[in-house]
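Under this note's numbering, the first residue of the sequence shown is numbered 106, with each subsequent residue one higher.
Here a beta-carbon is modelled for each residue, glycine too, at the ideal position from N, C-alpha and C.
Worksheet: one structure, shown below.
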Amino acid sequence: MSGLSGKIVHTEGESNTSAARGAWSAGLNDAGTRSLLKRDADAFLHQSLSSPCVTAIAKAEGIWIEDTAGRRYMDFHGNSVHHIGYGHPRLKEAIKRQLDELCFAPRRFTCEPAVELAETLGQLAPGDLGKVLFTTGGSDAVEVALRLARAATGRFKTLSFWDAFHGAGFGASSVGGEATFRSGIAGPLLPGAEHVAPWATHHCAYGHNSLEASARACASMISYVVGREGDFAAVVAEPMRATPNPPAPGFWKQVREACDRHGTLLIFDEIPTGLGKTGRFFTCEHDEVTPDILVIGKALGGGILPIAAAIARRDLDVAGDYAIGHYTHEKNPVTTRAALTTIAIIREEGLPERAAELGGAAMERLRAFGYGSPHVGDVRGRGLMFGVEIVADKADMAPDNALAERVYYRCLEAGLSFKISQGNVLTLSPPLVIAKADLDRALDIVETAIAAG
Numbered sequence: 106m107s108g109l110s111g112k113i114v115h116t117e118g119e120s121n122t123s124a125a126r127g128a129w130s131a132g133l134n135d136a137g138t139r140s141l142l143k144r145d146a147d148a149f150l151h152q153s154l155s156s157p158c159v160t161a162i163a164k165a166e167g168i169w170i171e172d173t174a175g176r177r178y179m180d181f182h183g184n185s186v187h188h189i190g191y192g193h194p195r196l197k198e199a200i201k202r203q204l205d206e207l208c209f210a211p212r213r214f215t216c217e218p219a220v221e222l223a224e225t226l227g228q229l230a231p232g233d234l235g236k237v238l239f240t241t242g243g244s245d246a247v248e249v250a251l252r253l254a255r256a257a258t259g260r261f262k263t264l265s266f267w268d269a270f271h272g273a274g275f276g277a278s279s280v281g282g283e284a285t286f287r288s289g290i291a292g293p294l295l296p297g298a299e300h301v302a303p304w305a306t307h308h309c310a311y312g313h314n315s316l317e318a319s320a321r322a323c324a325s326m327i328s329y330v331v332g333r334e335g336d337f338a339a340v341v342a343e344p345m346r347a348t349p350n351p352p353a354p355g356f357w358k359q360v361r362e363a364c365d366r367h368g369t370l371l372i373f374d375e376i377p378t379g380l381g382k383t384g385r386f387f388t389c390e391h392d393e394v395t396p397d398i399l400v401i402g403k404a405l406g407g408g409i410l411p412i413a414a415a416i417a418r419r420d421l422d423v424a425g426d427y428a429i430g431h432y433t434h435e436k437n438p439v440t441t442r443a444a445l446t447t448i449a450i451i452r453e454e455g456l457p458e459r460a461a462e463l464g465g466a467a468m469e470r471l472r473a474f475g476y477g478s479p480h481v482g483d484v485r486g487r488g489l490m491f492g493v494e495i496v497a498d499k500a501d502m503a504p505d506n507a508l509a510e511r512v513y514y515r516c517l518e519a520g521l522s523f524k525i526s527q528g529n530v531l532t533l534s535p536p537l538v539i540a541k542a543d544l545d546r547a548l549d550i551v552e553t554a555i556a557a558g
């Protein structure tokens, strides 16, 4: 194809065009599954990371997905929507009731569930974050945040991290840093979308060999860049990188101070990590830093309906003469009821606390396993989002992408699904409702697959 050259390095997800994927696909012997995969390939535009599909799903319930051949997988990926598991009975009942009471509110009208959700998020969010807009997806919520930052500051430049993902729209992929979404056919992106290298435990772009030193260098670089020209509208980042990679203590406080010095807003993208996943309801609570705008999504709809939100400081409500969202389903009573019910389930069932307890024990176990394994370079994360870094050599922490893929398909065969980040990090993100016995069984599968080499 003209205009395309060079090889894109995909850092989001496992490769769907590798030899390992080909071997997996060749082993799908169920005729119904193969037929549906063929129809999918014929009907959908192809894109990286989803074409061809792994298999065809017929059922999703609790922590499980089941394919059309009847094989069941514990889902430790779920596109980060499944905090309360799939098909939570309380959520399904609430959606059914809402459908009977009020199924839609046309744009420019309001309704009780939408207002209640906005009020609830304003009450739960830290600091003075209390003004909200809803969208149907995280990418659009990031776009709302970017427009609001421009309106509030009169500036347009943004600073964000290479290798971060903030969505697939032009604005979101401009502030994002993944080649999959911003290279080649993407063409010109938003002007003023500047990037710096993120902190890293290993292979730090700033030349350091520890998380703490890397984070200090990264924070200093952010401070330098936002101060160099003094006209940045916002720093946009995940408070915990979803690779996953938590920051060093004090990192975000340094960045917050730099933003405040230069009149730059801080936008936190908690779309995959918020709503209890990391052991706190909002991820930023770990670092005791409040952003100016907080973006959530994915799990907000309870694994059934799509809804996301941008939550801003009250004094940033300055764009009343313009449209910065105005989406058709902005105040949809059914999606907002789903979000309200999901939030209630997360809080009333103590799921953030459960994530902290189960996740802490899981990471402790995996670290003990990794200490004795030549293939595990690092285990990191927060709550029930943790990653196992697969390496060829612990001495230089050289990534072993091929082994990571072998492990992935072995785990699939054994009934466990997850994703690979950065080519070699097994990213495990189970539902917060998972039973300890199921979590232990999943860790057995992972450790056995890694030990096979």
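For residue i, count the other beta carbons within 10 Å of its own beta carbon; 16 or more makes it buried, fewer makes it exposed. Which is it?
i	result
Q527	buried
T215	exposed
T553	exposed
S156	exposed
N314	exposed
R346	buried
Y178	buried
D426	exposed
G486	buried
V423	exposed
K164	exposed
C323	buried
L150	exposed
G335	exposed
C208	exposed
S107	With a pLDDT of 35 at S107, under the threshold of 50, the modelled position of this residue cannot be trusted; read the value that follows with caution. Exposed, by the Cβ-count rule.
N134	exposed
P354	exposed
I534	The amino acid at residue 534 is misidentified as Ile; the sequence shows Ser. It is buried - the Cβ of S534 has at least 16 other Cβ atoms within 10 Å.
So, with DSSP's three-state summary, where would you put residue i?
i	result
S279	helix
F491	strand
S110	With a pLDDT of only 44 at S110, under 50, the local geometry of the prediction cannot be trusted, and no value is derived from it.
D483	strand
A554	helix
I539	coil
V496	strand
I429	coil
A424	coil
T122	coil
A128	helix
Measure the C-alpha to C-alpha separation of residue i and residue j and round it to an integer number of angstroms.
i	j	result
N121	C389	33 angstroms
E435	P296	28 angstroms
E343	A277	13 angstroms
G312	S319	8 angstroms
R139	R260	52 angstroms
G475	K499	11 angstroms
S153	R144	18 angstroms
W169	S185	14 angstroms
R195	R385	22 angstroms
L109	A291	Summary for L109: the model assigns pLDDT 47, below 50, so the residue's position carries little reliability; its value from the coordinates is reported in the next sentence. Computed Cα separation, rounded: 11 angstroms.
L421	A273	25 angstroms
F270	P396	18 angstroms
L471	G406	31 angstroms
A414	G558	43 angstroms
T441	S478	46 angstroms
G235	T225	9 angstroms
L544	E494	19 angstroms
I372	R252	12 angstroms
F583	R321	A question about residue 583 goes unanswered here, because the residues of the chain that appear run from 106 up to 558.
I376	A509	25 angstroms
T532	V484	10 angstroms
With a threshold of 8 angstroms between beta carbons, is residue i in contact with chain D?
i	result
T395	The structure shown contains no chain D; it holds only a single protein chain.
Quick check: does the Cβ of residue i come within less than 7 angstroms of any heavy atom belonging to the ligand GTP?
i	result
A324	Ligands displayed in this structure: none; no statement on the ligand GTP is therefore possible.
Check your understanding: Touch check for the stretch 200 to 212 and the stretch 357 to 366: three-plus C-beta pairs under 8 angstroms?
Key -> Too few Cβ pairs lie closer than 8 angstroms, so no.
Review point. Is the stretch 448 to 458 in contact with the stretch 375 to 390, if contact means three or more CB pairs nearer than 8 angstroms?
Key: yes
**Study point:** Length at least 3, wholly inside the stretch 327 to 414: the beta strand (DSSP E) runs in chain order
**Key:** With a minimum length of 3 residues, the continuous beta strand (DSSP E) runs that stay inside the stretch 327 to 414 are 337 to 342, 370 to 374, 398 to 401.
Exercise for review: May I have a chain-ordered list of the beta strand (DSSP E) segments no shorter than 3 residues that lie completely inside the stretch 160 to 242?
Suggested key: 162 to 166, 169 to 172, 177 to 180, 234 to 240
Review point. For the stretch 253 to 332, which segments carrying the alpha helix (DSSP H) assignment without a break, of at least 4 residues, lie completely within its bounds, in sequence order?
Key: Counting only runs of 4 or more, we get 275 to 280, 284 to 287.
Point to revise | Unbroken stretches of the alpha helix (DSSP H), 4 residues or longer, contained in the stretch 501 to 536 | key: 506 to 519
Check your understanding: Can you find at least 3 beta carbon pairs, one from the stretch 221 to 228 and one from the stretch 443 to 452, that sit closer than 8 angstroms?
Key -> yes
Point to revise | contact_flag[the stretch 231 to 242, the stretch 398 to 413] where n(CB pairs < 8 angstroms) is 3 or more | key: Yes, they touch.
**Study point:** Given 8 angstroms, three or more beta-carbon pairs between the stretch 329 to 343 and the stretch 264 to 284
**Key:** yes
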